[in-house]
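Residue numbers (our numbering): 77 to 326.
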Amino acid sequence: MKTFEDKVVIVTGGSAGIGRAAALQFAAMGARVLITGRRAERLDKVSAAHPNIEALVADTSNPQDASVTIRKAFQLWGRIDVLVNNAGAGAIMPLAQADAERVKEIFAVNVVGPTLLAKEALPYLTETKGTIINISSTFGSKAGAMLSHYGASKAALEYMTRAWALELAPMGIRVNAIAVGPTETEALTEMMGLSKEDAEAVKHHEIQQIPLKRRGTPEEVAHWIVSFASTDNTWVTGQVLGVDGGLAIA
Ligand SMILES: NC(=O)c1ccc[n+]([C@@H]2O[C@H](COP(=O)([O-])OP(=O)(O)OC[C@H]3O[C@@H](n4cnc5c(N)ncnc54)[C@H](OP(=O)(O)O)[C@@H]3O)[C@@H](O)[C@H]2O)c1
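Have a look at this one:
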């Protein structure tokens, strides 16, 4: 089904996990997709997997990279329809070990980066009546010990989702978010910086809390990213959808 034929999608953090799955689903449905990430090798593997996917080395925490990313997509294909703010940063950080640089880094990736990308994309999204999808977490609303800065940054992203939805509705731009629950990606070892053993212990603990008793797959989350972007869903804006096996309500 070529639902996204001629549409242009940007997915930050598209070289692994949820972003990779979303890029591949959009491309399979006909979209041209620009993925970003910090490591070229991982990006190149994903762009090699589908002819509609192009890759750009860009760091969401670097303010200059926002305009570079948006310009690149426009130069490649002449329009922008969908911005998926997926790249994330986090840490399991007890308050007693709070570190100013780490806190700034989390907010740079989860709050400042999505803001600048959305700002730079605005003229193009206005032209196409496009859409923004922000990737949040169950812990953007559910309290988690040692997750205060990760959770607070995702709470900010969810607030921005609702505020931008109001602000951009007159331009026909929709803004939604997905509050993702524990999903089988490398986030625990990569984004959270845990050892393999600690990551396994966290997974074991999380599964006990999830009503559906398993972690999600990146494809299951990507399905909802694509759905929010679909022109079948143009009456939905300002929403934060939990895709989490029921964790938020447990
Ligand atoms: N997996 C979960 O259980 C879970 C749960 C709740 C929410 N989420 C959210 O889902 C999103 C995606 O997570 P994931 O689980 O798919 O993570 P992942 O498997 O670790 O993949 C992260 C992707 O983002 C890229 N990335 C990381 N930092 C970046 C930066 N500063 N600038 C640009 N790209 C960056 C990574 O590539 P490079 O490292 O090469 O840059 C990679 O492509 C995040 O926002 C995360 O908070 C995940």
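Heads up, the beta-carbon is just placed ideally off N, CA and C, and yes, glycines get one too.
For residue i, the nearest candidate out of the options (CA to CA)
i	options	result
Ser217	Ala104, Gly318, Phe80	Gly318
Leu201	Trp311, Ile301, Val158, Arg290	Val158
Ile301	Val185, Gln140, Ile86	Ile86
His299	Arg96, Arg114, Glu203	Arg96
Leu393	Ser123, Val84, Phe304, Leu233	A query on residue 393 cannot be resolved here, the shown segment of the chain reaching from 77 to 326 and no further.
Ala245	Ala197, Thr313, Thr307, Asn138	Thr313
Gly90	Val179, Ile168, Asp274, Asn161	Asn161
Val316	Ala326, Phe304, Gly292	Phe304
Ala116	Glu130, Leu152, Gly206	Glu130
Leu152	Gln140, Lys195, Met222, Ala107	Ala107
Glu282	Pro139, Ala197, Ala92, Ala221	Ala221
Val226	Ala239, Gly189, Glu181	Before going on, a small fix: residue 226 reads as Tyr here, not Val. The shortest C-alpha separation from Tyr226 is found at Glu181.
Arg332	Met169, Lys83, Glu266, Ala176	Nothing can be reported for residue 332: it is not among the residues displayed for the chain, which extend from 77 to 326.
Gly154	Met105, Val84, Glu196	Val84
Asn138	Leu193, Val179, Met105, Gln173	Leu193
Pro199	Arg238, Ala172, Met247	Met247
Met105	Ala125, Lys121, Asp82	Asp82
Ile208	Val179, Ala172, Glu243	Glu243
Lys121	Ala92, Pro294, Arg238	Ala92
Ile325	Leu233, Ala219, Asp274, Arg147	Ala219
7 Å Cβ cutoff met for residue i and residue j
i	j	result
Thr191	Thr136	no
Ile156	Ala163	no
Phe183	Ser224	no
Ala103	Asn128	yes
Ala241	Val251	yes
Ala253	Asn186	no
Ile249	Gly189	no
Ala255	Ser306	no
Thr259	Arg291	yes
Glu196	Ala142	yes
Met268	Ile168	yes
Inter-residue CB distance, residue i and residue j (contact presumed, cutoff 8 Å)
i	j	result
Gly257	Gly321	5 Å
Gln284	Leu323	So it is not a contact: roughly 11 Å between Cβ atoms.
Leu119	Val133	7 Å
Ile94	Thr261	6 Å
Thr145	Thr112	6 Å
Val278	Leu288	So it is not a contact: roughly 17 Å between Cβ atoms.
Residue-chain proximity (residue i, chain D), Cβ-Cβ < 7 Å
i	result
Gly113	The chain inventory of the structure shown lacks chain D, comprising one protein chain alone.
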